[in-house]
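In the working numbering, the protein residues as written are 195 to 625. These notes are about the structure you will find just below.
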C-alpha cells in the first residue's frame, strides 16, 4: 500500500510542477525502486522499456495517426466541413450542428480528440465568432464535440485499452459507434437550446440540393474511407493494424489524386508530423513498462480489487466509484497516461463484479475524454483555448451545460449496457 501511494504521490507532484508526463512516470518508478529496494536490477530496465511497446496490436496506432495526417494534407478536413454545412448548415443555429457533425465525421478518420479539435477548431472557432456566436460558446462546443474523437472508430485510446486489458479491439471499435452518435445528438440538442436562449444565429438559410450534391461530389471520400475501414474490420477482412495500413495507402492515393500531395517532400512533412505524435505515445508506452513492473511488485491490482470489494458489492456502485476516481484524476492527467496506468487494474475490478469488458472500456474512455475538456489541465481545452486566444476560466460558464450533457450520456450508457454491446454482438456474434 505504501509503495502504491508513494509512486502516485511522486507522479502527481512531478506532473503538477510541470515535468513532462513520460519523464514523471519514469522518475516516479525509479524513485520507488531505489527507496523501497524492490530488487529490480538496472540491467533489466531496458528490456522492460522495450516490452512496453513490443506488441503487434500497437502497430495500429502509428498507421492510424499517419492516415489522419495524410487525410489532413489531402484536404479532407475542408471537405468534411463543406459536407457538414451542406447537410445541417441551413438549420437555425446551423454552425452548432455543423461543428458537432464535422467532429463526428473527423472522429471516423483521425481517432484522436486533440487532433480533431485542432484541425476543426482553426476553421470553426473564428468562423462561428464571425457569424455572431460568442467565442466562449464556439470554444466550449468545439471542445466537447471532439470528445467523440476516440469513441467513434478508429481510436488510438481503444487500441491501447484493448492492448492493456486483452479486450477485442474490433468489439471496442464497433461498441463505440452508438455511444458516439448519442453524444453527438445530445450536444446538438443542448447547443440548440443555448442558441435559442442566447440568440445565436436564429435566421435560417434555404436548404440547397445543389450545394449538398456539390459537397458530396467533392467530399464522398470523407465518408467512404472510414466506412471501408469499419467494414473491413467487421467482416474480418483485416485486423485493426492491417486496416490502418490500408487506410494509409488509400489516403496517399487520394492526396495524389487531389494534387494536394505533389512530391516526396510533402510525404516527408506528413511523416514527420505523424512520427512526432507516434513517438509521444510510444515513449509513454515504453516508460510505462517500468511503471507497470513496480505496480505489479507492489500488488497494486490486488489492493484495488480488495478495497473495491469491501466498499462496493454491486455493478452500479463499483462503476460509479471508478468513474468518480477517473473523472477527478482526469482533470489533471492526460488521457493516454490514464489508459496506460489504470485500464488493466480497473478492468479487473469491473470483471470481478461481472461487468462486460467492452462495456467498461467504452465508459472508461468516455470519462477520460470528459477529463480532457475539464479544467485545469484538459488537453483538448488547452488546444481550443489556444486557438481562440482566451483563458480557460472565461469559458467555464458556457462549458458547464455541455459537460453536464456528457456526464448524463455517460450515466445512460452505464445504465443500458446494450447501447455498447448489442452492435458488436450483432455483427461479430456473442462474446
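Ideal placement from N, C-alpha and C gives every residue a C-beta, glycine not left out. The structure presented is a predicted model; accordingly, all values stated were derived computationally and were not measured.
Does DSSP put residue i in a helix, a strand or coil?
i           : result
residue 506 : coil
residue 452 : coil
residue 286 : coil
residue 431 : coil
residue 412 : helix
residue 276 : helix
residue 618 : helix
residue 211 : coil
residue 247 : coil
residue 326 : coil
residue 382 : helix
residue 634 : A question about residue 634 goes unanswered here, because the residues of the chain that appear run from 195 up to 625.
residue 624 : coil
residue 298 : helix
residue 201 : helix
residue 218 : helix
residue 423 : helix
residue 524 : helix
residue 568 : coil
residue 402 : coil
residue 307 : helix
residue 612 : helix
residue 320 : helix
residue 393 : coil
residue 373 : helix
Determine the closest residue to residue i out of the options, with distance taken between C-alpha atoms.
i           : options            : result
residue 316 : 351, 371, 266, 285 : 266
residue 520 : 549, 390, 531, 562 : 562
residue 349 : 425, 321, 255      : 255
residue 591 : 538, 501, 333, 447 : 333
residue 504 : 546, 460, 537      : 546
residue 343 : 306, 318, 323, 322 : 306
residue 415 : 446, 405, 207, 429 : 446
residue 324 : 289, 355, 301      : 289
residue 208 : 223, 573, 615      : 223
residue 565 : 340, 326, 359, 264 : 340
residue 230 : 259, 301, 200, 622 : 200
residue 490 : 227, 214, 206, 310 : 227
residue 619 : 362, 214, 312      : 362
residue 518 : 253, 601, 286      : 601
residue 205 : 195, 225, 196      : 225
residue 400 : 281, 272, 450      : 281
residue 417 : 587, 515, 373, 301 : 301
residue 527 : 232, 569, 314      : 569
residue 422 : 440, 411, 326      : 440
residue 413 : 424, 452, 554      : 452
residue 572 : 525, 375, 443, 550 : 525
residue 311 : 285, 326, 271      : 271
residue 189 : 212, 213, 613, 232 : Only positions 195 to 625 of the chain appear in this structure, which leaves residue 189 out of reach.
residue 313 : 203, 581, 623, 374 : 581
Counting along the chain, where does the alpha helix (DSSP H) carrying residue i start and finish?
i           : result
residue 230 : Run containing residue 230: none; DSSP gives neither H nor E here.
residue 588 : 586-609
residue 479 : 458-491
residue 529 : 529-546
residue 582 : 573-582
residue 357 : 350-359
residue 366 : 363-369
residue 708 : In the structure displayed, the chain extends from 195 to 625; residue 708 sits before or after that span and is not available.
residue 254 : 254-267
residue 556 : 551-565
Using 8 angstroms for Cβ pairs, my map puts residue i next to residue j. What's the rounded Cβ distance?
i           : j           : result
residue 367 : residue 427 : 6 angstroms
residue 543 : residue 512 : 7 angstroms
residue 448 : residue 278 : About 19 angstroms; that fails the 8 angstroms criterion.
residue 627 : residue 377 : In the structure displayed, the chain extends from 195 to 625; residue 627 sits before or after that span and is not available.
residue 198 : residue 497 : 6 angstroms
residue 438 : residue 261 : 6 angstroms
residue 263 : residue 464 : 5 angstroms
residue 575 : residue 337 : 5 angstroms
residue 585 : residue 578 : Not really, about 12 angstroms apart at Cβ, beyond 8 angstroms.
Check whether the Cβ of residue i lies closer than 9 angstroms to any Cβ atom in chain C.
i           : result
residue 323 : No chain C appears in the structure shown, which is made up of a single protein chain.
I'd like to know if the segment 603-613 and the segment 332-352 are in contact, where contact means that at least 3 CB-CB pairs between them fall below 8 angstroms. The answer is no - the segment 332-352 does not touch the segment 603-613, with fewer than three Cβ pairs under 8 angstroms.
Answer yes if the segment 316-329 comes into contact with the segment 285-298, meaning at least three C-beta pairs across the two stretches below 8 angstroms, and no otherwise. Enough Cβ pairs lie closer than 8 angstroms, so yes.
So does the segment 421-440 actually touch the segment 229-238, counting three or more Cβ pairs closer than 8 angstroms? Output reads no: the segment 229-238 does not touch the segment 421-440.
Is the number of C-beta pairs between the segment 478-497 and the segment 209-224 that are closer than 8 angstroms three or more? When Cβ pairs closer than 8 angstroms are counted between the two stretches, the segment 478-497 is seen to touch the segment 209-224, the count reaching three or more.
How do the segment 578-597 and the segment 381-389 stand: do at least 3 beta-carbon pairs fall below 8 angstroms, yes or no? Enough Cβ pairs lie closer than 8 angstroms, so yes.
Should the segment 519-539 be called in touch with the segment 352-364, which here means at least 3 C-beta pairs below 8 angstroms? Pairwise C-beta distances place the segment 519-539 in contact with the segment 352-364, as three or more of them are shorter than 8 angstroms.
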